[in-house]
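Asks:
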Amino acid sequence: MAQLVPSSTVDRAGQAVADALAETLDDLARPMRLAVTGQLSRGKSTLVNALTRLPVAPTGIDEVTADYHEFRFDGVSVPAAPPPGGRRGRLPALVVSSVAAELPAPLRLIDTPGLGSPLTDTKGNAGLRTDAALHLFENNVHQDDQEYLRGLLGGDGRAMLPARVLAVISSCDLSWPPAPDRAVNGDPLTFDPLRDHAEPIIRQIGRNPRSHELFFAVLPVAALVAEGGWALTGDQIDVLAELAKRHDEPTLAGQLASKARFVGADIVADAATRRALLERLGLWGIHVACQYLRAAAATEAGLREHLDERSGVARLRATVVGHFVGRRGAIKLELHLRQIERRLAEARDAAQLHGTAMPAPLAEVAARVESLRAGNLGLSELALVQLIHRHQHRVSAAEQAELAALTGGDGVGCAPRLGLPADVGVARMLERAVELNRRWNQRTTTVPALAPSVVRAYERLIARVGEARALLDNLD
Numbered sequence: 236m237a238q239l240v241p242s243s244t245v246d247r248a249g250q251a252v253a254d255a256l257a258e259t260l261d262d263l264a265r266p267m268r269l270a271v272t273g274q275l276s277r278g279k280s281t282l283v284n285a286l287t288r289l290p291v292a293p294t295g296i297d298e299v300t301a302d303y304h305e306f307r308f309d310g311v312s313v314p315a316a317p318p319p320g321g322r323r324g325r326l327p328a329l330v331v332s333s334v335a336a337e338l339p340a341p342l343r344l345i346d347t348p349g350l351g352s353p354l355t356d357t358k359g360n361a362g363l364r365t366d367a368a369l370h371l372f373e374n375n376v377h378q379d380d381q382e383y384l385r386g387l388l389g390g391d392g393r394a395m396l397p398a399r400v401l402a403v404i405s406s407c408d409l410s411w412p413p414a415p416d417r418a419v420n421g422d423p424l425t426f427d428p429l430r431d432h433a434e435p436i437i438r439q440i441g442r443n444p445r446s447h448e449l450f451f452a453v454l455p456v457a458a459l460v461a462e463g464g465w466a467l468t469g470d471q472i473d474v475l476a477e478l479a480k481r482h483d484e485p486t487l488a489g490q491l492a493s494k495a496r497f498v499g500a501d502i503v504a505d506a507a508t509r510r511a512l513l514e515r516l517g518l519w520g521i522h523v524a525c526q527y528l529r530a531a532a533a534t535e536a537g538l539r540e541h542l543d544e545r546s547g548v549a550r551l552r553a554t555v556v557g558h559f560v561g562r563r564g565a566i567k568l569e570l571h572l573r574q575i576e577r578r579l580a581e582a583r584d585a586a587q588l589h590g591t592a593m594p595a596p597l598a599e600v601a602a603r604v605e606s607l608r609a610g611n612l613g614l615s616e617l618a619l620v621q622l623i624h625r626h627q628h629r630v631s632a633a634e635q636a637e638l639a640a641l642t643g644g645d646g647v648g649c650a651p652r653l654g655l656p657a658d659v660g661v662a663r664m665l666e667r668a669v670e671l672n673r674r675w676n677q678r679t680t681t682v683p684a685l686a687p688s689v690v691r692a693y694e695r696l697i698a699r700v701g702e703a704r705a706l707l708d709n710l711d
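Sequential numbering of the sequence shown, starting at 236, is according to the numbering used here.
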């Protein structure tokens, strides 16, 4: 980015460009800031705890988050977060905490007050600066959600909103047990909330252009199950194991038909212990935990990992790391280039208004921005990601999987981008790249808005693999 700085002094007409350049250089050195947003009581703090595997954010039945709580994972010592609270209607403060969680240092999570919170004024997103968002909802994305996200991530970022927002269907576990008369799968033994409850919602969002254009992906989670899994005590795991041992799956599912029934049933331990277990895992979480514990090779560590996986949080965590952390440089750079280009356009218009040419230093910046756009692979891939998102309804499920791999969804090396194992040979990679390039060349007439960009991406892979083969040949 430093090569964009002009070689001579920018006059007053270009001061805005100079300011934008300075802001860009400063921001590119910062970690990716990811806000967890959504309406009141959508489980934002619970999700933060589940993602970090630590009880870092306060949770409760009532609203408890009144400030922006930023959690850093870079080992920098900062004051711990104070207890929640505050005056109604006040502007939220920014509270920073250092967390020893297993998340990449280039990421910062920000827990936010609920949208429309009576505790704080969040309408204008006062005091919140973020690069991207995890936006939680339950059954529908409302107009308030859309307006909030456009305001939070708007400006020049509106055209690239999908790359900056993951939608999260929260608290999917509350749909279990299903109603017996449910049209699709009312059996509690086979009902999976992340599939049977969430997938119809995901399809509905995909059919709504206004919602679809906001989100890079929509992922279902049961954050309480993951958070509770990491927080389970040894005694609670012993109670779960005894519960699984005493009662087969159909019998226990009957006892888990409601919270009142489970707490009131004399099936294991005492009522207070059952109530605490219910608060920690929820009905579905207890059901899933006991399913696992009936296996002969069950372990305490395995139980925690299993709950993390079944809750959808493990998949969400991997997506956050792969998309937001992996593409943080390109996302930030794209946003700032848009701002620089806008400032350049304003300077060009001002020069034309006065009948003069754009100052040479600004023309130099414009040329370097154009060159950077043409040669930066990260920006090219980000543009392709957005193009795929826009036209994904035009391609098959198998092609979507190919495109996800191509853009780094399965790994950033050449082999995973081609859908191949990491240890595959160069000859096989080249063969596969040529095959996929040929196939997508044939799709240029049926998906003309997407296929040519995909073809160019495969051509770049062919060139990279070809260089590797040439290098190996020279070594031989």
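For every residue, glycine included, the Cβ atom is placed at its ideal position computed from N, Cα and C. This one's a predicted model, so the numbers in the text were calculated from it and none came from an experiment.
(1) What does a CB cutoff of less than 8 Å around Val717 pick up in its chain, not counting 5 residues either side in sequence?
(2) Alpha helix (DSSP H) containing Asp346: first to last residue?
(3) What three-state label does DSSP hand Gly648 in the structure shown?
(4) Going by Cα to Cα distance, which pick from Thr425, Asn420, Val453 and Leu449 is closest to Ile235?
(5) Looking only at its chain, what residues have a beta carbon closer than 6 Å to the beta carbon of Glu616, apart from the 5 residues adjacent to it on each side?
(6) Note down the Cα distance separating Asp505 from Val474, rounded to an integer number of angstroms.
(7) Would you kindly work out how many angstroms separate the C-alpha atoms of Asp565 and Val620, rounded to a whole number?
(8) Going by DSSP, which residues form a beta bridge with Tyr383?
(9) Which two residues bound the contiguous beta strand (DSSP E) that contains Thr272?
(10) Within the chosen definition, does the region 534–551 reach the region 272–288 through at least 3 CB pairs nearer than 8 Å?
(11) Sort Ser631, Val252 and Ala367 by Cα distance to Leu387 and report the nearest one.
(12) With distances taken between CB atoms, is the gap from Val523 to Pro341 smaller than 8 Å?
(13) The beta strand (DSSP E) spanning His628 covers which residue range?
(14) Is it true that the CB of Ala402 sits closer than 8 Å to the CB of Phe372?
(15) Considering Cα atoms alone, identify which of Arg481, Glu544 and Asp470 is closest to Thr508.
(16) Tell me whether the beta-carbon of Ala633 lies closer than 8 Å to the beta-carbon of Leu653.
(17) Counting only runs that start and end within the region 399–462, where is the beta strand (DSSP E) found for 3 or more residues in a row?
(18) Could you tell me whether the region 597–611 touches the region 249–259, where touching means 3 or more Cβ pairs closer than 8 Å?
(19) Which same chain residues end up closer than 8 Å to Ala586 when comparing Cβ atoms and leaving out the 5 residues on each side of it in sequence?
(20) Using the three-state DSSP reduction, which class does Arg325 fall into: helix, strand or coil?
(21) Measuring only the C-alpha atoms, how far is Glu666 from Glu694?
(22) Give the DSSP bridge partners of His370, in chain order.
(23) Classify Pro314 as helix, strand or coil using the three-state DSSP reduction.
(24) Quick one: is the Cβ of Glu462 within less than 7 Å of any heavy atom of the ligand COA?
(25) Taking all protein chains shown into account, do 16 or more other C-beta atoms lie within 10 angstroms of the C-beta of Ala650, making it buried, or fewer, making it exposed?
(26) Does the region 484–497 come close enough to the region 533–544 to have 3 or more Cβ pairs within less than 8 Å?
(27) Any idea which residues DSSP pairs Ser615 with across the strands?
(28) So for Arg583, helix, strand or coil by DSSP?
(29) Measure the C-alpha to C-alpha separation of Lys480 and His626 and round it to an integer number of angstroms.
(30) Helix or strand or just coil, what does DSSP make of Glu305?
Replies: Answer, in terms of the structure:
(1) Outside the shown range of the chain (236 to 711) lies residue 717, about which nothing can therefore be said.
(2) Working through the sequence shown from its first residue, we reach residue 346 at position 111. Per DSSP, Asp346 belongs to no alpha helix (DSSP H); it is in the beta strand (DSSP E), Leu342 to Asp346.
(3) Position 413 of the sequence shown holds residue 648. The answer is coil: DSSP assigns Gly648 none of H, G, I, E or B.
(4) Outside the displayed range of the chain (236 to 711) lies residue 235, so it cannot be described from this structure.
(5) Residue numbering aside, residue 616 sits at position 381 when the sequence shown is read from its first letter. Closer than 6 Å at Cβ, skipping near neighbours: Thr642.
(6) Looking up residue 505 in the sequence shown gives position 270. Looking up residue 474 in the sequence shown gives position 239. Straight-line Cα distance between these residues: approximately 10 Å.
(7) To locate residue 565, count along the sequence shown from 1; it is residue 330. To locate residue 620, count along the sequence shown from 1; it is residue 385. For clarity, residue 565 is Ala in the given sequence; the question names Asp instead. C-alpha separation (whole angstroms): 11 Å.
(8) Taking the first residue of the sequence shown as 1, we reach residue 383 at position 148. None; Tyr383 has no bridge partner.
(9) As a working note, residue 272 is residue 37 in the sequence shown. From DSSP, the beta strand (DSSP E) with Thr272 extends over Met267 to Gly273.
(10) yes
(11) For the purposes of this step, residue 387 is taken as residue 152 along the sequence shown, with counting starting at 1. The shortest Cα separation from Leu387 among Ser631, Val252 and Ala367 belongs to Ala367.
(12) As a first step, residue 523 is located in the sequence shown; it is residue number 288 there, counting from the start. As a first step, residue 341 is located in the sequence shown; it is residue number 106 there, counting from the start. Result no, Cβ atoms of Val523 and Pro341 do not sit closer than 8 Å.
(13) In the sequence shown, the residue the question calls residue 628 occupies position 393. From DSSP, His628 is part of no beta strand (DSSP E); its letter is neither H nor E.
(14) Here residue 372 corresponds to residue number 137 of the sequence shown, with the count starting at 1. Here residue 402 corresponds to residue number 167 of the sequence shown, with the count starting at 1. Cβ distance < 8 Å, so Phe372 and Ala402 count as in contact.
(15) Your numbering for residue 508 matches position 273 in the sequence shown. Among Arg481, Glu544 and Asp470, the Cα nearest to that of Thr508 belongs to Asp470.
(16) The residue given as residue 633 occupies position 398 in the sequence shown. The residue given as residue 653 occupies position 418 in the sequence shown. For Ala633 and Leu653, no; Cβs fall outside 8 Å.
(17) 400–404 and 452–455
(18) yes
(19) One-based indexing of the sequence shown puts residue 586 at position 351. Same-chain partners within the cutoff: Ala248, Ala592, Met593 and Pro594.
(20) Position 90 of the sequence shown holds residue 325. Below a pLDDT of 50, predicted positions are generally treated as unreliable, and Arg325, at 48, falls in that range; no measurement from the model is reported.
(21) Here residue 666 is taken as the residue at index 431 of the sequence shown, counted from 1. Here residue 694 is taken as the residue at index 459 of the sequence shown, counted from 1. Glu666 and Glu694: Cα-Cα distance of roughly 12 Å.
(22) By one-based count along the sequence shown, residue 370 stands at place 135. According to DSSP, His370 bridges with Thr272 and Ala402.
(23) Here residue 314 refers to the residue found at position 79 of the sequence shown. Its pLDDT being 43, under 50, Pro314 is placed unreliably by the model, and the measurement read from it follows with that caveat. Note: Pro314 maps to coil in three-state DSSP.
(24) In the structure shown, the ligand COA is absent, as is every other ligand, since no ligand is present at all.
(25) Within the sequence shown, the letter at position 415 stands for residue 650. So Ala650 ends up on the buried side.
(26) no
(27) Counting from one through the sequence shown, the residue named residue 615 turns up at place 380. According to DSSP, Ser615 bridges with nothing at all.
(28) By one-based count along the sequence shown, residue 583 stands at place 348. Arg583 falls in the helix class under three-state DSSP.
(29) Numbered from its first residue, the sequence shown carries residue 480 at position 245. Numbered from its first residue, the sequence shown carries residue 626 at position 391. If I take the Cα positions, the gap works out to 50 Å.
(30) Along the sequence shown, read from residue 1 onward, the residue named residue 305 stands at position 70. It is a strand residue.
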